[in-house]
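J.:
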Amino acid sequence: MANQLYIASAAAPFSDRFQEMLDMLMTGAAFGLPTTLWLTDGCLAALSAMPDNAALHQLADFGVRCVASDTAQGSGIPVESLSAHDLKRLRDDCKQVLVF
1 MANQLYIASA AAPFSDRFQE MLDMLMTGAA FGLPTTLWLT DGCLAALSAM
51 PDNAALHQLA DFGVRCVASD TAQGSGIPVE SLSAHDLKRL RDDCKQVLVF
């Protein structure tokens, strides 16, 4: 079970807070906090239209679990595909949920 769940919304990649969120993810994971990043369908669509973000590809190296809906279109970012039921359960089981 992840202690923290970060949900990146469709607008997230266009905000200044997106890089801040990635930094928070990596910092928490570096200190051993079980952390998950849920990239919503809209966020993945926005990311696929943008230049590649190297930090997103490094998250797994920091121990961050990246997930997306099993209905999401591929974006080149390594994510674990989860059903709507599994995503809801993930959200319900986390101690803290942060939406960006």
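Residue numbers (the UniProt record's numbering): 1 to 100. Think of the CB as a built atom: it goes at the ideal place given N, C-alpha and C, for glycine as much as any other residue. Predicted model only: the values in this text are computed from it and were never measured.
Between the C-alpha atoms of G74 and N3, what's the straight-line distance to the nearest angstrom?
T.: Taking the straight line from one Cα to the other gives about 27 angstroms.
J.: Counting pairs of beta carbons, one from the stretch 21-30 and one from the stretch 57-77, are three or more of them closer than 8 angstroms?
T.: Result yes; three or more Cβ-Cβ pairs closer than 8 angstroms.
J.: What would DSSP say about T35, mapped onto helix, strand or coil?
T.: Residue state, collapsed to three classes: strand.
J.: Is T71 buried or exposed, if buried means 16 or more other CB atoms sit within 10 Å of its CB?
T.: So T71 counts as exposed.
J.: Can the beta-carbon of S9 be found less than 8 angstroms from the beta-carbon of G42?
T.: Cβ distance < 8 angstroms, so S9 and G42 count as in contact.
J.: What whole-angstrom Cβ distance do L87 and W38 have, given they're in contact under 8 angstroms?
T.: Yes, they are in contact, since the Cβ atoms of L87 and W38 sit about 7 angstroms apart, within 8 angstroms.
J.: Do you know offhand how far A84's Cα is from S69's?
T.: If I take the Cα positions, the gap works out to 7 angstroms.
J.: DSSP has I77 in a bridge; who is on the other side?
T.: Note: I77 sits in no beta bridge, so no partner.
J.: Using a Cβ-Cβ cut-off of 7 angstroms (strictly less than) and excluding sequence neighbours within five positions of E80, which residues of its own chain qualify?
T.: Once the five neighbours on either side are set aside, the close Cβ partners of E80 are R65, C66, V67.
J.: Mapping the DSSP letters down to three states, classify C94 as helix, strand or coil.
T.: It is coil, neither helix nor strand.
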